[in-house]
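If you use the numbering used here, the sequence shown corresponds to residues 29 to 215, in order.
Each residue gets a CB set at the ideal place from its N, CA and C atoms; glycine is no exception.
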Amino acid sequence: QLDPLQAALAAHSPATARILLIESSSVLQQRRYHRQKLVLLQAWCMLGWYRAAVLLTSFRRATAKLQHHPLLVPPQELPISQREEAKTIGYLVAAAARYTPWQSLCLVQVLVTQRLLAKRNIPGQFYLGVRPGCERSDDPTGLAAHAWLQCGDAIVNGAAGHEQYTVVSTFSWGDSAALANGTDSTN
Numbered sequence: 029q030l031d032p033l034q035a036a037l038a039a040h041s042p043a044t045a046r047i048l049l050i051e052s053s054s055v056l057q058q059r060r061y062h063r064q065k066l067v068l069l070q071a072w073c074m075l076g077w078y079r080a081a082v083l084l085t086s087f088r089r090a091t092a093k094l095q096h097h098p099l100l101v102p103p104q105e106l107p108i109s110q111r112e113e114a115k116t117i118g119y120l121v122a123a124a125a126r127y128t129p130w131q132s133l134c135l136v137q138v139l140v141t142q143r144l145l146a147k148r149n150i151p152g153q154f155y156l157g158v159r160p161g162c163e164r165s166d167d168p169t170g171l172a173a174h175a176w177l178q179c180g181d182a183i184v185n186g187a188a189g190h191e192q193y194t195v196v197s198t199f200s201w202g203d204s205a206a207l208a209n210g211t212d213s214t215n
């Protein structure tokens with residue numbers, strides 16, 4: 029049985045079918061472009077919301093719906109389509125963060141990316157890490173901190189320099205949270 033596009037193409041000559049196929053491909057690209065613009069705008073607004081949340085509420089409250097793990101959680105395998113969508117969302121959040129009039133550093137970007145991925149049922153985890161040698165002279169701890177987010181084997185947000193940090197905490201959602209606890213979320 030043919031899908032509607034194949035049926036429409038079969039009803040035309042090969043040359044006409046090629047033109048229709050090219051036009052439908054162009055329409056799909058335009059739709060993808062418009063969806064990405066919408067996600068970019070949504071990310072920009074959410075960056076402001078989460079920046080305010082980080083400043084005004086506790087971190088525990090901001091991560092209340094996530095599963096906390098004091099140690100490193102191994103990444104879960106993801107279908108290629110989910111991994112690619114996660115990478116696109118991570119890229120769009122980072123792009124939006126470059127244009128905010130407020131600071132949108134790694135933690136805020138990770139929280140926004142996590143929320144957008146969770147809405148799309150894409151599981152993953154984010155890591156909080158520290159290393160000695162803070163660049164800020166007013167920090168009494170002398171530690172630098174960083175947050176990065178991983179879906180499957182891809183780090184989709186905060187990848188730059190993450191290997192310099194020691195993981196001190198992990199937060200997961202979706203199937204990753206259930207697998208890390210040894211439970212099956214399908215029950």
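- [ ] Mind the definition here: the stretch 109-119 touches the stretch 83-98 only if three or more C-beta pairs lie below 8 Å; say whether that holds.
- [x] no
Open item on the list: In the DSSP output, what is tryptophan 176 paired with across the bridge?
Closed with: Along the sequence shown, one-based indexing puts residue 176 at 148. Paired residues: Tyr155.
- [ ] Assign glycine 161 to buried or exposed, taking buried as 16 or more other Cβ atoms, counted over all protein chains shown, within 10 Å of its Cβ.
- [x] Start at 1 with the first residue of the sequence shown, and residue 161 comes out as number 133. Classification for glycine 161: exposed.
- [ ] Determine which residues share a DSSP beta bridge with phenylalanine 199 and list them.
- [x] Position 171 of the sequence shown holds residue 199. His96, Phe154, per the DSSP bridge assignment.
Task: Pick from Gln95, Lys93, Gln137, Arg59 that is closest to cysteine 73, judged by C-alpha positions - done: Counting from one through the sequence shown, the residue named residue 73 turns up at place 45. Closest option to cysteine 73, Cα to Cα, is Gln137.
Open item on the list: Quick test of the definition: if touching needs 3 or more C-beta pairs under 8 Å, does the stretch 187-198 touch the stretch 142-151?
Closed with: no
Task: Alpha carbon of glycine 202 to alpha carbon of proline 129, nearest angstrom - done: Walking along the sequence shown from the start, residue 202 turns up at place 174. Walking along the sequence shown from the start, residue 129 turns up at place 101. Distance between the alpha carbons of glycine 202 and proline 129 is about 32 Å.
Open item on the list: Between the stretch 147-160 and the stretch 169-176, can you find at least three pairs of beta-carbon atoms closer than 8 Å?
Closed with: yes
Task: DSSP three-state assignment for leucine 171, whether helix, strand or coil - done: By one-based count along the sequence shown, residue 171 stands at place 143. Three-state result, leucine 171: strand.
TODO: Identify whether asparagine 215 lies in helix, strand or coil by the three-state DSSP scheme.
DONE: The residue given as residue 215 occupies position 187 in the sequence shown. Because the pLDDT of asparagine 215 is 32, which lies under 50, any placement of that residue in the model is unreliable, and the number read from its coordinates should be weighed accordingly. Reduced to three states, the DSSP call for asparagine 215 is coil.
- [ ] Would you tell me roughly how many angstroms separate the C-alpha atoms of valine 67 and tyrosine 119, rounded to the nearest one?
- [x] In the sequence shown, the residue the question calls residue 67 occupies position 39. In the sequence shown, the residue the question calls residue 119 occupies position 91. So the alpha carbons of these two residues sit roughly 11 Å apart.
Task: Sequence-distant residues of the same chain with beta carbon closer than 6 Å to asparagine 209, five excluded per side - done: Within the sequence shown, residue 209 is the residue found at index 181, counting from 1. Because asparagine 209 carries a pLDDT of 49, less than 50, the predicted location of this residue cannot be relied on, and no value is offered for it.
TODO: Take alanine 124 and list the residues in its own chain whose beta-carbon comes closer than 7 Å to its own, dropping the five residues that flank it on each side.
DONE: Looking up residue 124 in the sequence shown gives position 96. Hits under 7 Å: Leu68, Ala71, Trp72, Leu75.
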